[in-house]
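Below: one structure, written as structure tokens.
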Amino acid sequence: MDPGAIRALTLCGVPGETSQFGTTYVESWVTYYDPTADKLVESLHLLWEDDYDGTYTEVRTTSSSEGTATGHTARLVKTGESLTVNFAPASGYRLLRVDSSCGGSLQGNAFTVQQVVADCLLEPKFEPALAAGETLRLALEEPVAGSVYSGVGNLRGWSVATVGIDRIEIWFDGVYAFDAPYGGARGDVGNIFPDIDNSSSSGFSLAWNYSNMAPGEHVITARAYNQNGQFTESSSTFTVTRFHKPFLGAGDQVDLSEAQCSVSDSQISLGDAVMDGKVYDILLDWRTAAQDFQIIEIR
């Protein structure tokens, strides 16, 4: 029998007859067919308790193709009571964390809010779960975390996977930017992963104009997908400093004839440098990863 029909019987029984489903209403809801998703959908469950005159809070849980909560995704909870939600990751994924607007703690696949005092949203985050013996690794080498960048510089790293790498995505400040070219020679990585095919050609690298970005702090994320669609991420936070325009062309004036130069340890300081008609103080520092002096401060 259709689940909706069963619940209809509990509400529409014959007067004077005892229902085979019981006589005490605990909760009520509606089950309906969603033709778009081609499946039955449950509404929010409404609790029935005659001796309770307090308030309820609503807890909603998001879901995705990577996993979902067991049971209904919207629940009513007595204000001040606790709630435990169990999550079921999809095949090939595992639960990483739960972002909650009302706090809580995660143990295994169970997330518990000790005291629900206001309407709440739970957002489970899943990540790929590789089969035993499989490898999916990613290293973002530049930009280096905590470093300062200006002008055109490197954006590079490497990634290997037992089943092969499909693509490397680059994200800035949570927004997808582009796919990085993949397949560069990395003999050092090949030596570390000799059993993975093409590990010696596992590099990604490109020239990136950091001055195209706004001055200040940014977060870059490299995301490597294997051939099964699983991915891993590596992120770093760096700072951009730049001149008044993102690129100084061949026709733009660069005049250091009146500049003052001083050195200290691994740094070079230039004062009163004229760049396209504007005067700047510039500080350069030796960067081992790039093997040259690079601008770290523009004032």
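Under our numbering, residues 273 to 571 are what the sequence shown spells out, in order. All C-beta atoms in this analysis are idealised placements derived from N, C-alpha and C, irrespective of residue type, glycine included. All figures in this text were calculated on a predicted structure; none of them were measured in a lab.
Secondary structure of S337 (DSSP, three-state): coil. Rounded to the nearest whole angstrom, the C-alpha separation of A545 and I567 is 13 angstroms. Bridge partners of N426 according to DSSP: A479. N463 has its alpha-carbon roughly 57 angstroms from the corresponding atom of G352. Just measuring C-alpha positions, the residue of D460, A494 and F398 sitting nearest W443 is A494.
Residue pairing for H490: DSSP places it in a beta bridge opposite F510.
If you draw a straight line from the Cα of Q525 to the Cα of T511, it is about 26 angstroms long. Residue environment: T308 is assigned as exposed (fewer than 16 neighbouring CB atoms within 10 Å of its CB, all protein chains considered). The three-state reading of DSSP puts N358 in strand, counting E and B together. As for any beta strand (DSSP E) of minimum length 3 sitting wholly inside the region 418 to 473, the runs are 424 to 433, 437 to 444, 447 to 451 and 454 to 456, ordered along the chain.
Non-local beta-carbon contacts of R409 in its own chain, meaning distances under 6 angstroms to residues more than five positions away in sequence, involve V432 in chain order.
Around the Cβ of F383, a 10 Å sphere holds 16 or more other Cβ atoms; the residue is buried. In the three-state reduction of the DSSP assignment, N498 falls in the strand class, which pools E and B. If you compare the alpha carbons of P518, V349, G436 and S529 with that of D469, the shortest gap goes to G436.
Rounded to whole angstroms, the Cβ separation of A360 and G339 is 6 angstroms, and the two are in contact under 8 angstroms.
Listed in chain order, the non-local C-beta contacts of V424 below 6 angstroms within the same chain comprise A479 and N481, local neighbours out to five positions each way being set aside.
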